[in-house]
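Everything on this sheet refers to the single structure shown next.
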Amino acid sequence: MLIFWYGGGWVHGSRDAYAFAARAYAKAGYVVVMPDYRKVPDVRFPAFVQDGAEAVKWTRDHIAQSGGDPNRIAVAGHSAGAYTVAMLTLDQRWLKAEGVDPHIIKAAVGLCGPYDFYPFTAKRAIDAMQGAADPVMTQPIHFARADTPPMLLITAGDDTQVKPHNAINLTARLKALGAPVTHIDYPGLSHENVAMALSKPFRGKAPVLADSVAFLNRAMPPPVILTKVRTQSHESCAW
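Everything in the sequence shown is counted per the working numbering, starting at 15 for the first residue and increasing by one.
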């Protein structure tokens, strides 16, 4: 079960525009939910994170009807969507506020996400975080903890929109705490290329889909099913 949040700098984006990502992970065997969320200038932090927490709650309560396992939920996202992924994975306040156990998230994938970007310099970050009582509390890296679920942080070597230091710094902080984290960088790719590489026509750019699916499969292996094997002389159980 995978929840995927699209990017767009907290200003643009739609789930329709990222449908290729949902199709890619669905064909890899995942039940995929792709939520919408409110954006700047209509809202500021933390509205989009709260919307993300509501999406996790909805998934928990309803995904079994679509064949998903509410006990095996992973989260993923690109750019601003990866920010939501990191905040929901690391800062337990938001899921608790929705009555959801934060440990419901079993694995997380962030594609070119901003995790350590204070003081704010980019206009989009300034606008999105405007009015935060304590700007440090908007930073995913501030909430790194040892019991973080497995995280995969992906960067693009030529990303000029969300600098790779965001993932590099968060990776270092999590590793220092003993948390399970993996960082993969794709040299020569731009910010947009990483998301595009999920789509079938552009998968030759980098193995973003293969690497993230392999990570998710390791973090959430299929459950072992007990089956009965009947022989002529007796009935036994086998794994």
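No residue lacks a Cβ here, since even glycine has one placed at the ideal position from N, Cα and C.
Range covered by the beta strand (DSSP E) that runs through residue i
i, result
"Tyr-200", "195–200"
"Thr-169", "165–170"
"His-92", "87–92"
"Phe-18", "16–19"
Close beta carbons around residue i, own chain, < 6 Å, minus the five adjacent residues each side
i, result
"Pro-236", "none"
"Tyr-200", "Ala-170, Ala-220"
"Ala-31", "none"
Cβ-based neighbour list, residue i, same chain, cut-off 7 Å, excluding 5 preceding and 5 following
i, result
"Trp-24", "Lys-53, Val-54, Phe-62, Ala-94, Arg-138, Ala-142"
"Gln-246", "Confidence is the limiting factor: at Gln-246 the pLDDT is only 49, short of 50, which leaves the residue's position unreliable, though a coordinate-based value still follows. Closer than 7 Å at the Cβ level, and outside the excluded window around Gln-246, lies no residue."
"Ala-160", "Leu-191, Gly-192, Ala-193"
"Phe-216", "Met-210"
"Gln-14", "The chain is shown from 15 up to 253; residue 14 falls before or after that span and cannot be answered."
Range of the contiguous alpha helix (DSSP H) that encloses residue i
i, result
"Leu-109", "107–111"
"Ala-67", "61–76"
"Leu-223", "222–233"
"Leu-184", "179–191"
"Tyr-39", "33–41"
"His-205", "205–210"
Beta-carbon proximity of residue i to residue j, cut-off 8 Å
i, j, result
"His-179", "Cys-126", "no"
"Val-195", "Thr-185", "yes"
"Ala-170", "His-205", "yes"
"Ala-158", "Leu-104", "yes"
"Asp-50", "Ser-80", "no"
"Ala-69", "Val-114", "no"
"Ser-213", "Val-123", "no"
"Val-150", "Tyr-132", "yes"
"Thr-152", "Phe-34", "no"
Contacting residues, own chain, Cβ-Cβ under 8 Å from residue i (five flanking each side not counted)
i, result
"Ala-121", "Ala-88, Val-89, Pro-163, Pro-164, Met-165, Leu-166, Phe-229, Leu-230, Ala-233, Met-234"
"Thr-73", "Met-15, Ile-17, Val-47, Gly-82, Pro-84, Ile-87"
"Asp-75", "Pro-84"
Best match in the options for proximity to residue i [C-alpha to C-alpha]
i, options, result
"Leu-223", "Ala-31, Leu-188, Gly-43, Asp-30", "Gly-43"
"His-156", "Leu-188, Ile-140, Asp-172, Lys-219", "Leu-188"
"Ala-36", "Ala-209, Lys-110, Ala-220", "Ala-209"
"Ala-136", "His-197, Met-15, Thr-174", "Thr-174"
"Gly-21", "Ala-147, Ile-118, Thr-98, Lys-71", "Thr-98"
"Ala-111", "Asp-56, Asp-75, Gln-64", "Gln-64"
Residue i beta carbon near the ligand SAM (any heavy atom closer than 7 Å)
i, result
"Val-150", "Of ligands this structure carries none, so the ligand SAM is not represented either."
### Query
Where are the beta strand (DSSP E) runs, 3 residues long or more, that stay fully inside the stretch 119–154, in chain order?
Counting only runs of 3 or more, we get 119–125.
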